[in-house]
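Residue numbers (the working numbering): 1 to 252. All C-beta atoms, glycine included, are put in the ideal place defined by N, C-alpha and C. Just so it is clear, the structure is predicted and the values come from calculations on it, not from any experiment.
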Amino acid sequence: GQCYSRVIPMTRFRPCIDLHAGVVKQIVGSTLSDDPDRPPVENFVAKRSPAEFAALYAQAQLEGGHVIMLGPGNEASALAALAAYPGGLQIGGGINPQNATRYLDAGASHVIVTSYVFRDGRLDEERLAEMVKAVGPRRLVLDLSCRRRAPGGPFYVVTDRWQKFTDLTVDGTTLRRLAASCAEFLVHAVDVEGKQSGVERELVEVLGRESPLPVTYAGGARSLEDLDLVAQLSCGRVDVTVGSALDIFGGG
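Shown next, in the form of structure tokens:
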């Protein structure tokens with residue numbers, strides 16, 4: 001598609017720190033579950049601490065990255081990472097109106113929310129309003145991580161460690177409707193997350209064309225060429241997170 005814009009935006013690389021059981025890991029997103037007997041498939045488990053990763057990103061002046069707490073037992077590690085890069089990282093995973101300010105006070109630039117604002121497979125407007133009231137829209141990022149129910153079908157937002165489908169589709173209507181409530185969107189393409197199988201092209205195109213706010217895409221990126229591909233597909237309007245493919249995470 002053609003890119004019509006006087007101001008040419010630039011796709012930026014945004015770093016990430018995914019925490020599982022207090023340790024930095026890269027895992028296959030679709031294998032997360034609440035079942036303790038079914039641990040997720042791990043691509044990589046870091047020897048460096050979360051704070052060391054955060055310091056590395058600070059040193060490289062990489063902004064707008066995120067720390068995601070995948071399940072319980074990650075709070076101390078997350079707070080250590082925020083302290084190592086004050087104002088430089090967003091944080092998500094189990095965020096609600098009660099604990100959000102604690103993370104902002106600890107140095108997070110924004111809080112990222114998914115599961116809290118959904119209930120019974122639907123967007124809960126009251127809970128969203130509570131979240132906005134707690135931190136203000138300018139410090140709130142909505143995570144619209146999604147997957148397809150059927151091949152070629154629409155992308156539906158998924159919650160609860162990406163296991164539960166909601167009835168909300170990721171499209172222009174949804175993005176415009178939610179834009180007044182937050183500062184930006186984070187979108188994990190769950191079906192390709194951690195698989196290094198290439199980006200979900202149609203999703204990137206939709207985000208680039210339809211999002212009125214800054215948006216970060218995560219999932220399937222393998223290389224700098226994929227960064228260029230996201231820039232091309234989105235006319236530079238979508239930023240990208242590369243996790244499993246990065247050499248610091250044991251990738252190429």
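With contacts defined as CB atoms closer than 7 Å, P214 and C182 fail to qualify as a contacting pair. In the DSSP annotation of this structure, the continuous segment of the beta strand (DSSP E) that includes F155 starts and ends at 155 to 159. The beta carbon of V158 sits closer than 8 Å to the beta carbons of S145, C146, R147, K164, F165, T166, V190 from its chain, once the five residues preceding and following it are set aside; these are given in chain order. In this structure, D143 lies near G92, with their beta-carbon atoms less than 7 Å apart. The beta carbons of G220 and V240 sit no closer together than 7 Å. Below 8 Å, too few C-beta pairs join the region 113 to 121 and the region 81 to 88 to call them touching: fewer than three. V230: member of the alpha helix (DSSP H) spanning 224 to 234, first to last residue. Distance from the CA of H20 to the CA of E202, rounded to the nearest whole angstrom, comes to 29 Å. Sequence-distant partners of C3 (beyond 5 residues in either direction) whose C-beta falls short of 8 Å from its own C-beta, in its chain, are C235, G236. DSSP lists L186 as the bridge partner or partners of D143. In the three-state DSSP reduction, G172 falls in the helix class (H, G or I). Here DSSP, grouped into helix, strand and coil, assigns T11 to coil. Within the model, the alpha-carbon separation for V45 versus K25 is close to 5 Å. Where Y57 is concerned, the enclosing alpha helix (DSSP H) starts and stops at 50 to 59.
When the Cα atoms are used, M69 and R161 turn out to be separated by approximately 10 Å. Between V132 and V111, the gap from beta carbon to beta carbon reaches 7 Å or more. Residue environment for P50: buried (at least 16 other C-beta atoms within 10 angstroms of its C-beta). DSSP places E63 outside both helix and strand once states are collapsed to three, so it counts as coil. The beta carbon of P9 is closer than 8 Å to those of C235, G236, R237 in its chain, skipping five residues each way along the sequence. As DSSP reads the structure, K164 sits in a beta bridge with T159.
DSSP places K133 within a helical segment (H, G or I) once states are collapsed to three. Judged by their CB atoms, L186 and V141 are nearer to each other than the 7 Å cut-off. Within the same chain, Cβ atoms closer than 8 Å to the Cβ of G73 are found at A21, G22, the five residues on either side in sequence being excluded.
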